Amino acid sequence: MPELPEVETMRRGILGIQGSRISAVERAPCRLKPILVRPRIDVLRRRVVGLRVLDVERIGKRVMLRLESGDGIVFEPRMTGLVLVADPPDEEHLRFRLALADGPIRQLWYWDRRGLGSVQLLSPLQLAELFSSGRIGPDALALSAEELRDRFSTSRREIKVALLDQRAIAGIGNLYASEILHVAAVHPGKLCHRITRQEWQTIHAAMIAVLNDAIRYEGSTLGDGTYRNALNRPGEYQKHHRVYDRAHQRCLTCCTAEVKRIVQGQRSTFYCPRCQPGRRSSRHK
DNA sequence: CCCCAGTCCTGCGGGC
DNA sequence: TGCCCGCAGGACTGGG
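Once you know that position 162 of the first sequence is 446 in our numbering, the rest is easy, because the numbers rise by one and skip nothing.
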């Protein structure tokens, strides 16, 4: 499930389209239920064909091609979306194609197995609205320890649940929330307002370290093998996971306790009860 | 403010 | 061997 490191890897993988001119956009022929593309493909085509891509940006878990018109083509991969410049994993889940008239990359695909993602063209006004509406918080990699604490320290939510709130902080998903809290040695069920100043420092440092590490290894490709970088190669960070999806296996940090799986906000959380103490387990199931 | 359940969607794996 | 069901969860919505 593409989170900040995976989406950042996608962004880096398509940087070569900077400066290229868009020559065509189309929905891929696909038997499956069509993904969300906005506006309608013919309207979208009129607004982008012939324009150059000025920049490739990341907005939380989205990748955006900034065009010379100021519009942005925003890819939101959600669970299984991929932005590719070569060899998709298969043909039947291709959803959208963008062709470039010049430059090193002549074709960009959006591929999505489950189809929960989207491709949207947003005007400068719509982009401004996306940020001002409060739907998307500051990027996890651009937030200082003080800002992190300021945003969360009065909340009564559990820290793991709070980290997933994209309005509070953008980019962290289910996988990295568990990994970050493990490195920080903080119990995922700890309530934000009970977290000390020192612990916020530790959480912040762990967040930056884990996310940057994961970017260095080009993200995590889980057992289902879905995630791929822009060249359709898997990430390597799954080899460095300490707790995620390792329930009942020995904790790699203390080499003593077994990793536990609990459910918070209807999502799996993994942690080591020895390395991350501090909550009665009876509060969870 | 925050929580919870439901929705979208496909593929996979467990159970029978 | 095959079918059904539950599960995976990011973002969003509606009700409490």
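Quick reminder that beta carbons are idealized off the backbone N, C-alpha and C, glycines included. None of the values given here were measured: they were computed from a predicted structure.
Taken in chain order, the complete alpha helix (DSSP H) segments of 4 residues or longer contained in the stretch 320-405 are 325-332.
Listed in chain order, the non-local C-beta contacts of Arg-545 below 6 angstroms within the same chain comprise Ala-531, Ser-552 and Phe-554, local neighbours out to five positions each way being set aside. A Cβ-Cβ distance of about 19 angstroms is found for the pair Gly-356 and Asp-396, leaving them out of contact under the 8 angstroms criterion.
Of the candidates Ser-416, Leu-447 and Leu-425, Leu-425 places its Cα closest to the Cα of Asp-497. Ala-469 and Val-494 have their C-alpha atoms some 13 angstroms from each other.
Per the Cβ contact rule, the stretch 369-386 is not in contact with the stretch 407-419 (fewer than 3 Cβ pairs under 8 angstroms). For Ala-308, no alpha helix (DSSP H) run applies; the uninterrupted beta strand (DSSP E) run containing it begins and ends at 306-311, by DSSP.
DSSP places Leu-316 outside both helix and strand once states are collapsed to three, so it counts as coil.
Using a Cβ distance threshold of 7 angstroms, Cys-559 and Cys-539 do not count as a contacting pair. In the three-state scheme derived from DSSP, where H, G and I count as helix and E and B as strand, Ser-552 is classed as strand.
Contact check for Ala-454 against Asp-423 passes: the beta carbons are separated by less than 7 angstroms.
By the beta-carbon neighbour count (other beta carbons within 10 angstroms, threshold 16), Glu-290 is buried. In terms of CA proximity to Ile-420, Leu-448 leads the group Leu-400, Leu-448, Thr-293 and Arg-433.
Between Val-367 and Tyr-394, the gap from beta carbon to beta carbon is short of 7 angstroms.
The Cβ atoms of Ile-499 and Glu-360 lie no closer than 7 angstroms to each other. DSSP lists Thr-553 as the beta-bridge partner residues of Ile-546.
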